[in-house]
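Trainee:
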Amino acid sequence: MQGDTLTQRCDKRHGGKLKPRKRRVQPMDQFLEQNLQEAILEARKGLAEGGIPIGSVLVIDGKIVGRGHNRRVQNNSAILHAEMDCLENAGRRTPKEYKRATLFSTLSPCDMCSGVVLLYKIPRVVIGENATFKGPEEYLRSRGVKILNLDNPECKQLMKDFIGSKPELWNEDIGEE
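Just so we're aligned: 305 in our numbering is position 120 of the sequence shown, and the numbers increase by one with no gaps anywhere.
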């Protein structure tokens, strides 16, 4: 068999046909998908409460330790974005814990929320989408934060539907007129 081409080996083993392989979900893919879905659940909670559909979860050592969604409308707050709510709900954490954390958000974090990522030295941010709004991702990268944009269609649709129905509320949330 040594020296045979791939085609010759396939001919001998499978009658000339390559056996199709089932795509296995790798542990990292599963980790990303599962935690993004949890952030999407938070976004849907916010929408159901009359707020802006952005959700976030904080994961340390594979476990969700904080959840949040944008509550600016519900709490009449100037600053309660999903990431801020998530970190607030995670409670006090040690610097060692934050260094092992990954922050998931359905939308690219704004300047304020990116500041919290830098303050607590959270090394990874996973974003559902950044087509609707793109925060300072390049700045975060320049400061050593790993950014992964999953370009998730469900996250995009949530924002598209919301902005279509409440553009003034969206503009208020991102500081636009």
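For glycine and all other residues, C-beta sits at the position ideal for the given N, C-alpha and C. Note that the coordinates shown come from a computational prediction; the quantities given were computed from them, not determined experimentally.
Can you look up Val-301 in the DSSP assignment and give me helix, strand or coil?
Mentor: As a first step, residue 301 is located in the sequence shown; it is residue number 116 there, counting from the start. In the structure shown, Val-301 sits in a helix (DSSP, three-state: H, G or I).
Trainee: Taking the alpha-carbon positions, what's the His-266 to Pro-212 distance?
Mentor: Here residue 266 corresponds to residue number 81 of the sequence shown, with the count starting at 1. Here residue 212 corresponds to residue number 27 of the sequence shown, with the count starting at 1. About 30 Å.
Trainee: In the DSSP output, what is His-254 paired with across the bridge?
Mentor: Locating residue 254 in the sequence shown gives position 69, where the first residue counts as 1. Per DSSP, Gly-240.
Trainee: Spatial neighbours of Arg-198 within its chain, please: C-beta separation below 6 Å, excluding the five flanking residues on both sides.
Mentor: Locating residue 198 in the sequence shown gives position 13, counting from the first residue. Bear in mind that the predicted position of Arg-198 carries a pLDDT of just 47, short of 50, making it unreliable; the figure below should be weighed with that in mind. Cβ within range, chain order: n/a, list empty.
Trainee: Are the Cβ atoms of Asn-315 and Asn-337 separated by less than 7 Å?
Mentor: Sequence index remark: in the sequence shown, residue 315 carries index 130 (1-based). Sequence index remark: in the sequence shown, residue 337 carries index 152 (1-based). Cβ atoms of Asn-315 and Asn-337: not closer than 7 Å.
Trainee: Which two residues bound the contiguous beta strand (DSSP E) that contains Lys-331?
Mentor: Translated into the one-based positions of the sequence shown, residue 331 becomes position 146. First-last of the beta strand (DSSP E) with Lys-331: 331-334.
Trainee: Provide the residue span of the beta strand (DSSP E) that contains Leu-288, from first to last.
Mentor: As a working note, residue 288 is residue 103 in the sequence shown. Segment 286-290, the beta strand (DSSP E) holding Leu-288.
Trainee: Could you have a look at Leu-354 and say whether DSSP puts it in helix, strand or coil?
Mentor: Residue mapping note: residue 354 aligns to position 169 of the sequence shown, counting from 1. In the structure shown, Leu-354 sits in a helix (DSSP, three-state: H, G or I).
Trainee: Per the DSSP calculation, Ile-264 is bridged to which residue(s)?
Mentor: Within the sequence shown, the letter at position 79 stands for residue 264. Answer by DSSP bridge pairing: none, since Ile-264 is not bridged.
Trainee: Helix, strand or coil for Ile-312? Go by DSSP, reduced to three states.
Mentor: Numbered from 1 along the sequence shown, position 127 holds the residue referred to as residue 312. Here Ile-312 sits in strand by DSSP.
Trainee: Using the rule of at least 16 other Cβ atoms within 10 Å of the residue's Cβ for burial, across every protein chain shown, is Tyr-283 buried or exposed?
Mentor: Counted from its first residue, the sequence shown places residue 283 at position 98. Buried, because 16 or more other Cβ atoms sit within 10 Å of the Cβ of Tyr-283.
Trainee: Going by alpha carbons, who is nearest to Ser-299 out of Asn-356, Asn-260, Gln-219 and Ser-241?
Mentor: Sequence index remark: in the sequence shown, residue 299 carries index 114 (1-based). It is Ser-241 whose Cα lies nearest to the Cα of Ser-299.
Trainee: DSSP puts Ile-245 in a beta bridge; with which residues?
Mentor: Residue mapping note: residue 245 aligns to position 60 of the sequence shown, counting from 1. Note: Ile-245 sits in a beta bridge opposite Lys-248 and Ala-286.
Trainee: Could you give the DSSP three-state label for Gln-259: helix, strand or coil?
Mentor: Here residue 259 refers to the residue found at position 74 when the sequence shown is read from its first residue. If DSSP states are grouped into helix, strand and coil, Gln-259 belongs with coil.
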